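Visitor: Chains as they are written, first to last, in this note's numbering: chain E, 251 to 410; chain V, 104 to 394.
Just so it is clear, CB atoms sit at the ideal spot from N, CA and C, and this is done for glycine as well.
Note that this is a predicted model, so its numbers are computed, not measured.
Next up is a structure, given as C-alpha cells.
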Amino acid sequence: MSRQRQIAVLVEHYQNPRRWGVTEGADVVMLGGSPECGGSIVIYLVGGKEGRIRDLSFTGQGDIISQAATSLILERVMDDGLTMSEVLDLDYEAFVDRVGREAVGSRTRNATMGLSTLKSAIRQYQRETLGRLHHRACAQRRVIDTLESSSRTDLLGYGS
Amino acid sequence: MTQGAEQEIAQKGYVHPEMLVSTQWVAQHVDDPNVRIVESDEDVLLYEIGHIPNAVKIDWVEDLNDPLIRDYLDPEHFARLMSEKGIYPDTTVVFYGDKNNWWACYALWVFGLFGHENAKIMDGGRLKWEAEGRPTTQEVPSFSRTDYPVPTRDDSKIRAFREDVMEHLEKRGPLVDVRSPGEYSGELLHMPDYPQEGALRGGHIPGAANVPWARAVRGDGTFKSADELKAIYEGEAGLNERDEVIAYCRIGERSSHTWFVLKYLLGYGNVRNYDGSWTEWGNAVRAPIER
C-alpha cells in the first residue's frame with residue numbers, strides 16, 4: 251500500500267471512526283494517551299464467555315494517527331472475533347506495519363496507543379475476573395465448610 | 104483589508120508586533136518568492152489532508168531533532184533542510200500550525216538557534232485559517248533548492264541546559280512551568296502507557312510559577328493582548344520584563360510557546376527555554392524538587 255493510500259485509510263477512519271461511543275455498563279473503562287500530548291482515548295470493554303470479547307468501543311481526541319489506529323484495531327478485533335489472549339499476543343510492530351509504516355513514520359507510539367490501551371483494559375478485566383472468581387470460590391468454600399460442619403453436628407445428634 | 108488585520112495585531116500592544124502576521128497577510132503572500140510559509144503541527148498528517156497553498160511542511164520530530172542523541176539537528180543538516188524547503192538566509196519564514204501554534208513556535212525557536220531571525224508566526228494558526236474558510240490544498244509545492252550557507256548554531260541566548268537552571272536556582276531566578284496543574288503538582292508523572300516518556304519523580308523545579316501555556320491564547324487561536332498577557336505572567340505569576348526567565352515543560356515544546364510570548368509579545372530581554380525540561384529534571388539524581 252502506498253503512503254498516500256495509507257494516509258487515505260487513516261483519514262477515512264479518523265473522519266468515520268468505527269466502534270465510536272460510550273458503552274454504558276462496560277466491565278472496564280480504560281484511559282490511554284494524554285490530552286496534553288498526541289491525544290487520548292478511552293476504551294470500553296465488555297467481556298464474554300471463555301475469554302471472548304463481547305463488545306468494544308472508544309471515545310477520544312487527538313491526532314489523526316492515534317484516533318484512526320484505535321478505530322482500526324477495534325474494528326479488526328470485533329470483525330475477526332479475536333479472543334482476549336489473541337489480542338494480548340498481537341505484536342506492536344506488526345500492527346504498525348498494518349496501519350502503514352510510511353504514513354506513521356516515527357509516530358509509532360501514537361499508532362499503538364489504541365492497541366496498548368486495549369491490552370491494558372484486557373489485563374484489568376482479567377485481574378478483576380480472576381478476583382471475582384477467587385472471591386466466589388472463597389465464598390463457595392465457606393458455604394461448603396458450613397454445610398460440612400452442620401452435617402457433622404447432625405451426625406453427633408445435636409441437630410434440630 | 105490586510106492593513107486592517109495588521110493594525111489589529113498592532114493594537115494588541117506587543118513589544119514586537121512584527122513577529123506576528125495575520126491570516127489575511129499570509130493569504131496575500133502565498134506566491135511571494137521572498138516568503139516561505141511553513142506548517143509545523145503536532146498532528147503529523149494534517150498537512151497531508153490539506154494545507155495553505157504553497158506551504159511546506161517541517162516536522163518537529165523528523166526534521167528538527169537529531170535522530171540519535173537528544174539534541175537538535177546540526178548546522179549542516181539545518182542548511183540542507185533550508186535548501187530543500189526553498190529557503191534562503193533572508194527569506195521571511197512564516198510558521199503556522201495546529202494546537203494554537205504550539206509547534207509553530209517550537210520550530211521558530213529552533214530556527215533561532217541557527218540565527219534565522221527573519222521568522223514570524225501566523226496569528227491564530229491553522230484553526231483561524233480554517234475557521235475563516237480560507238483555501239487549502241493537498242498539492243505539495245516544489246521549490247528549487249537554495250544555496251543556504253551552513254550557519255553557526257548558538258544555543259546560549261535562548262536555550263537553557265540543566266546546569267544553567269541549577270545556577271539560575273542559586274540566584275533565585277524566576278522560572279515558569281507551563282505544564283498542566285496535574286504535572287506541576289506531581290500528581291502526573293508521565294502520559295499513561297508511556298512511562299518511558301515520563302519521570303521518576305513528580306513535582307516542579309523549586310520556585311517555578313505555574314502558567315499553563317495555552318492561557319496565552321484566545322478561543323480563536325490568536326494570542327491575547329499584551330495587557331491580558333501581562334495580567335497573567337506579571338500580575339499572577341510575578342514575572343518581570345527585566346528578569347532573566349527560564350521556561351520549561353516536559354520536553355521543551357509547550358515552553359517554546361511561552362518563550363515566544365515572553366520574548367516577543369511582552370519584550371523580555373532575557374528568556375530561555377529549558378528543553379531538557381521535566382523529562383530530564385524529574386529523572387536527574389539529587390535535582391531539587393518542590394511539590
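Can you find a CB in chain V that lies within less than 8 Å of the CB of Asp411 (chain E)?
Guide: Residue 411 (chain E) lies beyond the range of chain E shown here (251 to 410); nothing can be said about it.
Visitor: Which residues of chain V have a Cβ atom closer than 8 Å to the Cβ of Ser356 (chain E), listed in chain order?
Guide: Within 8 Å Cβ-Cβ: Val164, Glu165.
Visitor: Which ranges would you report for the beta strand (DSSP E) in the stretch 104 to 170 of chain V if only whole runs of at least 3 residues count?
Guide: Taking only runs of at least 3 residues, the beta strand (DSSP E) segments lying wholly in the stretch 104 to 170 of chain V are 138 to 142.
Visitor: Could you give the first and the last residue of the continuous beta strand (DSSP E) run that contains Gln241 (chain V)?
Guide: Here Gln241 (chain V) belongs to no beta strand (DSSP E), and DSSP marks it neither H nor E.
Visitor: Would you kindly work out how many angstroms separate the C-alpha atoms of Ala158 (chain V) and Ala390 (chain V), rounded to a whole number?
Guide: The alpha-carbon atoms of Ala158 (chain V) and Ala390 (chain V) are separated by roughly 43 Å.
Visitor: Determine the closest residue to Gly289 (chain V) out of V:Ile190, V:Met269, V:Gly385, V:Lys188, with distance taken between C-alpha atoms.
Guide: Of V:Ile190, V:Met269, V:Gly385, V:Lys188, the residue nearest in Cα terms is V:Gly385.
Visitor: Would Lys369 (chain E) be called buried (16 or more neighbouring beta carbons within 10 Å of its own) or exposed?
Guide: When all chains shown are included, Lys369 (chain E) counts as buried.
Visitor: Taking buried to mean at least 16 other C-beta atoms within 10 Å of its own C-beta, is Ser335 (chain E) buried or exposed?
Guide: Burial call: exposed.
Visitor: Below 8 Å on the Cβ atoms is my contact criterion, and I expect Asp358 (chain V) with Tyr371 (chain V) to pass it. Report the Cβ-Cβ distance as a whole number of Å.
Guide: Asp is not the amino acid found at residue 358 (chain V); the sequence shown has Ser there. Ser358 (chain V) to Tyr371 (chain V), Cβ: 13 Å. No contact.
Visitor: Compare the C-beta of Ala387 (chain E) against all C-beta atoms of chain V and say whether one is closer than 8 Å.
Guide: Not an interface residue.
Visitor: Which residues in chain V sit within 8 Å of Leu260 (chain E), going by Cβ to Cβ distance?
Guide: The contacting residues are Leu148.
Visitor: Should His271 (chain V) be labelled buried (16 or more other beta-carbon atoms within 10 Å of its own) or exposed?
Guide: When all chains shown are included, His271 (chain V) counts as buried.
Visitor: In whole angstroms, what separates the C-alpha of Ala258 (chain E) from that of Ile392 (chain V)?
Guide: So the two alpha carbons sit approximately 46 Å from each other.
Visitor: If you reduce the DSSP assignment to three classes, tell me which class Thr249 (chain V) lands in.
Guide: Of the three classes helix, strand and coil, the one that applies to Thr249 (chain V) here is coil, per DSSP.
Visitor: From Met280 (chain E) to Met185 (chain V), what does the alpha carbon distance come to, in whole angstroms?
Guide: When rounded, the distance between both Cα atoms is 43 Å.
Visitor: Beta-carbon of Ile257 (chain E) versus every beta-carbon of chain V: anything under 8 Å?
Guide: So, interface residue.
Visitor: If you draw a straight line from the alpha carbon of Ala207 (chain V) to that of Thr195 (chain V), how long is it in whole angstroms?
Guide: Their Cα atoms are separated by approximately 14 Å.
Visitor: Against chain V, which members of the stretch 338 to 353 of chain E pass a CB distance test of less than 8 Å?
Guide: Per Cβ criterion, the list reads Ala353.
Visitor: Report the partner residues of Tyr377 (chain V) according to the DSSP bridge assignment.
Guide: In the DSSP output, where bridge partners are listed per residue, Tyr377 (chain V) has V:Ala263, V:Tyr351.
Visitor: Indicate whether at least one CB of chain E lies closer than 8 Å to the CB of Ile152 (chain V).
Guide: It does: the Cβ of Ile152 (chain V) has a partner Cβ on chain E nearer than 8 Å.
Visitor: Using the three-state DSSP reduction, which class does Lys274 (chain V) fall into: helix, strand or coil?
Guide: Reduced to three states, the DSSP call for Lys274 (chain V) is coil.
Visitor: Restricting to Cα atoms, I'd like to know which of V:Asp330, V:Ile335, V:Asp280, V:Thr239 is closest to Ser380 (chain V).
Guide: Looking at the Cα atoms, V:Asp280 is the closest of the given residues.
Visitor: Run the CB neighbour count on Asp134 (chain V), radius 10 Å, all protein chains shown included, and call it buried at 16 or more, exposed below.
Guide: Flag for Asp134 (chain V) reads exposed.
Visitor: Who are the near neighbours of Asp313 (chain E) in its chain, counting only those whose CB is closer than 8 Å to its CB and skipping five residues on each side?
Guide: Closer than 8 Å at Cβ, skipping near neighbours: Gly288, Gly289, Arg357, Asn360.
Visitor: DSSP on Arg357 (chain V), reduced to helix/strand/coil?
Guide: Helix.
Visitor: Residues of chain E with CB closer than 9 Å to the CB of Glu383 (chain V), please, in chain order.
Guide: None at all; the shortest Cβ gap to chain E is about 16 Å.
Visitor: With a floor of 3 residues, list each beta strand (DSSP E) that falls wholly inside the stretch 257 to 312 of chain E, ordered by position along the chain.
Guide: Runs of the beta strand (DSSP E) inside the stretch 257 to 312 of chain E: 278 to 284, 289 to 297, 303 to 312.
Visitor: Helix, strand or coil for Met251 (chain E)? Go by DSSP, reduced to three states.
Guide: Note: Met251 (chain E) maps to coil in three-state DSSP.
Visitor: Is it buried or exposed for Val364 (chain V), if we count other Cβ within 10 angstroms and need 16 for buried?
Guide: By the 10 Å Cβ count, Val364 (chain V) comes out buried.
Visitor: Can you confirm whether the stretch 337 to 353 of chain V touches the stretch 226 to 236 of chain V when touching is taken to mean that 3 or more C-beta pairs between the two stretches lie within less than 8 Å?
Guide: As far as the Cβ criterion goes, the stretch 226 to 236 of chain V does not touch the stretch 337 to 353 of chain V, which means the pair count is below three.
Visitor: So, with DSSP's three-state summary, where would you put Phe363 (chain V)?
Guide: Phe363 (chain V): helix per DSSP, three-state reduction.
Visitor: Could you pull the DSSP bridge partners for Ile224 (chain V) from this structure?
Guide: Ile224 (chain V) pairs with V:Leu123, V:Phe198.
Visitor: Taking the C-alpha atoms as reference points, what is the distance between Lys327 (chain V) and Trp316 (chain V)?
Guide: Going from the Cα of Lys327 (chain V) to the Cα of Trp316 (chain V) covers about 12 Å.
Visitor: Quick one, which of V:Asp193, V:His119, V:Gln110, V:Phe217 has its alpha-carbon nearest Pro178 (chain V)'s?
Guide: Among V:Asp193, V:His119, V:Gln110, V:Phe217, the Cα nearest to that of Pro178 (chain V) is on V:Phe217.
Visitor: Between which two residues does the alpha helix (DSSP H) carrying Phe345 (chain E) extend?
Guide: Start and end: 342 to 349.
Visitor: Determine which residues share a DSSP beta bridge with Asn313 (chain V) and list them.
Guide: V:Asp280.
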